[in-house]
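Trainee:
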Amino acid sequence: MTNGDLKDKLAATADKAKDTAASAMDVATDAGRAVKDEVKAQVSEKFDAVRDAAGDRAGAARDSLVGAGDRLAETLQAEAQSSDGVSARMLSGLAGGVSTVTDGLRGRTLGDILAGAQDYARRNPGTFAVGAAVAGFALARFLRSSSNRQSAEEAAAARAADATDRLYRDAARRTVDTQGLHNDGGSRG
Numbered sequence: 001m002t003n004g005d006l007k008d009k010l011a012a013t014a015d016k017a018k019d020t021a022a023s024a025m026d027v028a029t030d031a032g033r034a035v036k037d038e039v040k041a042q043v044s045e046k047f048d049a050v051r052d053a054a055g056d057r058a059g060a061a062r063d064s065l066v067g068a069g070d071r072l073a074e075t076l077q078a079e080a081q082s083s084d085g086v087s088a089r090m091l092s093g094l095a096g097g098v099s100t101v102t103d104g105l106r107g108r109t110l111g112d113i114l115a116g117a118q119d120y121a122r123r124n125p126g127t128f129a130v131g132a133a134v135a136g137f138a139l140a141r142f143l144r145s146s147s148n149r150q151s152a153e154e155a156a157a158a159r160a161a162d163a164t165d166r167l168y169r170d171a172a173r174r175t176v177d178t179q180g181l182h183n184d185g186g187s188r189g
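No gaps in the numbering here: position 28 of the sequence shown is 28 in the UniProt record's numbering, and each next residue is one more.
#1: Between the C-alpha atoms of Asp56 and Lys46, what's the straight-line distance to the nearest angstrom?
#2: Look at Val98 and Ala117 and say whether their C-beta atoms are less than 8 angstroms apart.
#3: Quick one: what does DSSP say Asn124 is sitting in, helix, strand or coil?
#4: Give the secondary structure of Asn183 by DSSP, where H, G and I count as helix, E and B as strand, and everything else as coil.
#5: Need the endpoints of the alpha helix (DSSP H) that Gly67 sits in, please.
#6: Let me check understanding here. Comparing Cα to Cα, which of Arg169, Ala61, Thr75, Arg174 lies closest to Arg108?
#7: Exposed or buried, which one is Ala11 when buried takes at least 16 other CB atoms within 10 Å?
#8: Comparing alpha-carbon positions, which option in Thr13, Asp19, Ala121, Leu65 lies nearest Ala171?
#9: Can you check which of these residues, Gly126, Ser23, Thr164, is closest to Leu139 by C-alpha distance?
#10: Nearest-angstrom Cα distance between Asp8 and Thr20?
#11: Quick check: the Cα distance between Arg123 and Ala49, rounded to an integer number of angstroms?
#12: When the distance is taken between beta carbons, is Ala132 closer than 8 angstroms to Gly68?
#13: What's the C-alpha gap between Val86 and Arg71?
#14: Can you say whether Ser23 is buried or exposed, counting buried as having 16 or more other CB atoms within 10 angstroms of its CB?
#15: Of the choices Gly136, Phe128, Arg144, Arg159, whose alpha-carbon is the least far from that of Arg174?
#16: Check Gly96 in the structure and name its three-state DSSP category.
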């Protein structure tokens, strides 16, 4: 074998090795893409499932809150009918307000409800803080008084109501803090 033949054989072997390496690289790249696509699809499916479950739970919490609001309005209206004078008018007005709020919650997403509450809190921080405190107190009293009759669903509504009340109070506090107001209504100087 001559020197030229050896060089030709080495060159052919090198070319064959290069082709084999390129082919292996293509196979590995294709396999990597396939794995990436599969992982992406699985992550997307899991994300969709989690998002749907969260939406279902938020809807159930809203529905429970609406149910608790309806029961509170009915109780307040019944108390108004058994009372007379100023207390009857106050209880009836409060029952009407609770019914209005409850009707406003029906069919809305939790995000819509929270956005509306935050918008109102920004425009009327003092009124919102007082209203949230009064509503939270009234709802807590109502839920505690009916705790002997609560089912598991009603207990979940109570927890959702307490969490919502805390959220609203925290939002009101943050709004008041960002506007530089003291508790006495004065401006920080």
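Ideal Cβ positions, reconstructed from N, Cα and C, are used throughout, including at glycine.
Mentor: Let's see:
#1: Within the sequence shown, residue 56 is the residue found at index 56, counting from 1. Within the sequence shown, residue 46 is the residue found at index 46, counting from 1. About 15 angstroms.
#2: On the sequence shown, position 98 is the one that residue 98 refers to. On the sequence shown, position 117 is the one that residue 117 refers to. The answer is no: Cβ separation not under 8 angstroms.
#3: Residue mapping note: residue 124 aligns to position 124 of the sequence shown, counting from 1. Coil at Asn124, not helix or strand.
#4: In the sequence shown, the residue the question calls residue 183 occupies position 183. Confidence in Asn183 is poor, its pLDDT being 49 and thus under 50, which makes the residue's placement too unreliable to answer from.
#5: Your numbering for residue 67 matches position 67 in the sequence shown. Gly67 -> alpha helix (DSSP H) spans 3-82.
#6: Here residue 108 refers to the residue found at position 108 of the sequence shown. For Arg108, the nearest C-alpha among the options comes from Ala61.
#7: Along the sequence shown, one-based indexing puts residue 11 at 11. When all chains shown are included, Ala11 counts as exposed.
#8: Position 171 of the sequence shown holds residue 171. Closest option to Ala171, Cα to Cα, is Ala121.
#9: For the purposes of this step, residue 139 is taken as residue 139 along the sequence shown, with counting starting at 1. Ranked by Cα distance from Leu139, the first of Gly126, Ser23, Thr164 is Thr164.
#10: Taking the first residue of the sequence shown as 1, we reach residue 8 at position 8. Taking the first residue of the sequence shown as 1, we reach residue 20 at position 20. Answer to the nearest angstrom: the Cα atoms are 18 angstroms apart.
#11: On the sequence shown, residue 123 is found 123 positions in, with the first residue counted as 1. On the sequence shown, residue 49 is found 49 positions in, with the first residue counted as 1. Arg123 and Ala49 have their alpha carbons spaced roughly 37 angstroms apart.
#12: The count along the sequence shown starts at 1 and reaches residue 68 at position 68. The count along the sequence shown starts at 1 and reaches residue 132 at position 132. Note on identity: in this sequence residue 68 is Ala, with Gly being the wrong assignment. Taking C-beta atoms as the reference points, Ala68 and Ala132 fail to come closer than 8 angstroms.
#13: Working through the sequence shown from its first residue, we reach residue 86 at position 86. Working through the sequence shown from its first residue, we reach residue 71 at position 71. Between Val86 and Arg71, the C-alpha separation is close to 22 angstroms.
#14: Walking along the sequence shown from the start, residue 23 turns up at place 23. Answer is exposed; the Cβ neighbour count stays below 16.
#15: What you label residue 174 is simply residue 174 of the sequence shown in a count that begins at 1. Taking only the C-alpha atoms, the option nearest Arg174 is Phe128.
#16: Working through the sequence shown from its first residue, we reach residue 96 at position 96. Of the three classes helix, strand and coil, the one that applies to Gly96 here is helix, per DSSP.
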